[in-house]
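Novice: For the sequence shown, the tail end lands on 838 under my numbering, and the numbers increase by one without skipping.
All residues carry an ideal CB built from backbone N, CA and C; glycine is no exception.
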Amino acid sequence: MGLYGLIAAAVCLLAWGAYTLVNSNMFTPDTISVQGARFLNQDDIKKIADIAPNSSVITLDSTAVEDRLRENPWVSTAAVSTHLPRSISIEVSERTPAISVEVEGVKWVASSDGRWLGTLDAEGSKVLDPHESLQPVDISAINLIPVDAVPDVHPVWGQPVSEEQLTNALALLRGLDSRIVSRVVRVVAPEAGRTSLFTTDEVELDVGLAENLPEKSSIILAMLEEHSDSVVLINVRSIENPSWRGLNR
């Protein structure tokens, strides 16, 4: 064997040795830690991540794992990092359930940023995955707001909310002053421009489209304070011509 042959053999031997070392048990993951999960449990996140037990922390395709995680509607962002010799960290941020909409007797749940997360169980405390790929998600600590009178809703698990009435309602709940939103118990939205919020003390807030929300918030808060003993309706569809109606309570 000539010099070039010896060099080629040595290179092949080194490459084989490096490949064997990288893919040996020395670098297979024995610890997968999860941070940031609020709703999904760690087992479900690891299931979604689908990291093979015989993978190597050196050659792991972190981007592919992150993509798999983000394909689940509960996961908003995901970051995967590896740590020699045998550890993997998964950090996620999750979407927050915000509204429920009844469709043909089934209550569907959508996140605050408009993604269908699943259906409510009979007790209204857990969100179920229609494909049963995840365990029921406990949302008993969440103030889930029902949205009523919305025609032609067609939820698809994991897909964005497309109905204008619902995207407008979600924008209102995101954009109005938190002191108002914390009092909301129900939304009625037959049309986006006819959206009304109902508060814990039975005041109807006729808000309409999700525009000029800082101004609408200021008007609502001022009227709630000024007419707290009698107000039953506040109309701020037009911020140039707001109105209110009251009754003797």
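Tell me Lys696's beta-bridge partners as DSSP assigns them.
Specialist: DSSP, once it has assigned bridges, lists Glu691 as partnering Lys696.
Novice: Once DSSP output is grouped into helix, strand and coil, what is the label at Thr620?
Specialist: In this structure, Thr620 counts as strand in the three-state DSSP scheme.
Novice: May I ask you to check if the CB of His720 is nearer than 8 Å to at least one heavy atom of the ligand MN?
Specialist: For the structure depicted, the ligand MN is absent and the ligand set is empty, with no information on it obtainable.
Novice: What ranges does the beta strand (DSSP E) occupy inside the stretch 729-754, keeping only unbroken runs of at least 3 residues that lie completely in it?
Specialist: As far as the stretch 729-754 is concerned, its whole beta strand (DSSP E) runs of at least 3 residues are 734-737.
Novice: Is the stretch 648-657 touching the stretch 692-701 in the sense that three or more CB pairs, one from each, lie closer than 8 Å?
Specialist: Verdict: no, contact absent.
Novice: Taking the beta carbon of Pro642 as the centre, do at least 16 other beta carbons fall within 10 Å, making it buried, or is it exposed?
Specialist: Pro642 should be labelled exposed.
Novice: Between the C-alpha atoms of Glu791 and Ser819, what's the straight-line distance to the nearest angstrom?
Specialist: Using only the alpha carbons, I get a separation of about 11 Å.
Novice: Helix, strand or coil for Gly782, going by three-state DSSP, please let me know.
Specialist: Gly782 falls in the helix class under three-state DSSP.
Novice: Please state the DSSP three-state secondary structure of Val796.
Specialist: In the structure shown, Val796 sits in coil (DSSP, three-state: anything other than H, G, I, E or B).
Novice: Where does Glu892 sit, in a helix, a strand or coil, going by DSSP?
Specialist: The chain is shown from 590 up to 838; residue 892 falls before or after that span and cannot be answered.
Novice: Specify the secondary structure class of Val611 as computed by DSSP and reduced to three states.
Specialist: The predicted position of Val611 is uncertain, since its pLDDT is 45 and thus under 50; no value can be drawn from it.
Novice: Going straight from the alpha carbon of Ala667 to that of Glu683, what length do you get?
Specialist: Cα-Cα distance, rounded: 9 Å.
Novice: Cutting at 7 Å between CB atoms, please list the residues of its own chain near Ala626, excluding the five before and the five after it.
Specialist: Here the set comprises Ile634, Val681 and Glu683.
Novice: Classify Ser613 as buried or exposed, calling it buried when 16 or more other Cβ atoms lie within 10 Å of its own Cβ.
Specialist: Legend: pLDDT at Ser613 = 43, less than 50; position of this residue unreliable, value from coordinates given subsequently. So Ser613 counts as exposed.
Novice: For the alpha helix (DSSP H) that Val774 lies in, which residues bound it at each end?
Specialist: Run containing Val774: none in the alpha helix (DSSP H); it sits in the beta strand (DSSP E), Val773 to Val777.
Novice: Taking the DSSP output, what are the residues bridged to Glu683?
Specialist: Bridge partners of Glu683: Val664.
Novice: Could you spell out the range, first to last residue, of the beta strand (DSSP E) harbouring Val646?
Specialist: Val646 -> no beta strand (DSSP E), and no H or E assigned at all.
Novice: Which whole-angstrom value is the C-beta distance of Pro618 and Ile677, which I expect to be below 8 Å?
Specialist: That belief holds up - the Cβ atoms of Pro618 and Ile677 are roughly 5 Å apart, short of 8 Å.
Novice: For the alpha helix (DSSP H) holding Leu813, just list the boundary residues, first then last.
Specialist: It spans Leu802 to Glu815 - the alpha helix (DSSP H) in which Leu813 sits, taken as one unbroken run.
Novice: Do you know how far the Cα of Asp737 is from the Cα of Val777?
Specialist: If I take the Cα positions, the gap works out to 5 Å.
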